[in-house]
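The next block holds one structure in the form of structure tokens; read it before the comments.
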Amino acid sequence: MDDKTAELRDIFIDATGSDTVTESQAESPGSLTDTDTDVTDRLVELVDRMRDRYDFETTFDTETLCRIVQWYYSDCTDREIAAELAADPEAVRTARLDLHLVDDDDREAPFDLDGLRRLVVDDVPLAERAEQLGISEETARHYSEVVAADLRSTRANNRFRDEFAELLTDSDLTGQLARDAREDGLREATEDIETDVSF
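Numbering (our numbering), first residue to last: 86 to 284.
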């Protein structure tokens, strides 16, 4: 180091009593962590209200369901979320539908979904739905779950979906935390997963 740099270093050490400029990071009052806590508390409240109101099929606890909501709004797939939770993707899908989180991909059916919706509303037995639509019972069951989740959401005026979206899309911090969880945990967890897709 040259003489000028050495002189500045000596002045710094005299003034601070330290030869390092790294300052420990501490939370200050009113930090963004408070915002994250508010978001988490609100998520827990919403999920608990839904659990009280609806017969959830999922066996995940409230904390896990809150994480699923966050990852859903961070554009994680059921497969990615399942890898992070060491769970089955179908279990994640069930939880997501319990939470009224239906997306366009869920509604992409190889038959008339509106026709199935009418049959579900009319409480037509599953076997008859399949027969009328010319599909297997398994396919009818799969899409009936989607239709039922949409109907529950509609009957609640999409209130829970809207509150989740407002809460998570308005909070940059929550989105960042969800992305961090995805990048830190899901990247490693999904490295060895092979995609098996057939058309």
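Idealized CB from N, CA, C, for every residue including glycine.
Bear in mind that the values here come from a model prediction, so they are computed numbers and not experimental data.
- For THR147, the enclosing alpha helix (DSSP H) begins and ends at 147-157.
- Counting only unbroken stretches of 3 or more residues, no beta strand (DSSP E) element lies wholly within the stretch 193-230.
- A straight-line Cα-Cα distance of about 11 Å links ARG237 and LEU186.
- Taking every protein chain shown into account, the CB of ARG226 has fewer than 16 other CB atoms within 10 angstroms, so this residue is exposed.
- Under the three-pair Cβ rule at 8 Å, the stretch 153-160 counts as touching the stretch 246-254.
- In terms of Cβ geometry, PHE141 and LEU170 do not form a close pair [threshold 9 Å].
- Here the alpha carbons of THR125 and ASP199 stand approximately 36 Å from one another.
- Between the stretch 230-244 and the stretch 177-197, the count of Cβ pairs shorter than 8 Å is three or higher; the stretches touch.
- The Cβ atoms of THR143 and VAL129 lie no closer than 9 Å to each other.
- In this structure, the CA atom of ASN242 is about 12 Å from the CA atom of ALA234.
- Counting along the chain, the unbroken alpha helix (DSSP H) around GLU175 starts and ends at 174-183.
- Per DSSP, reduced to three states, the secondary structure at ALA168 is helical.
- Taking all protein chains in view, the Cβ of ALA212 is surrounded by fewer than 16 other Cβ atoms within 10 Å, so the residue is classified as exposed.
- Per DSSP, reduced to three states, the secondary structure at VAL187 is coil, with no helix or strand assignment.
- In this chain, ASP140 is not harboured by any alpha helix (DSSP H), its DSSP state being neither H nor E.
- Residues ALA194, ARG214, LEU218, ALA225, TYR228, SER229 and VAL232 of the same chain have their beta carbon placed closer than 8 Å to that of LEU201, with the five preceding and five following residues left out of the count.
- Less than 9 Å divides the Cβ of PRO174 from the Cβ of ASP163.
- Beyond the five residues adjoining it in sequence on each side, GLU92 comes within less than 7 Å, by CB distance, of no other residue in the same chain.
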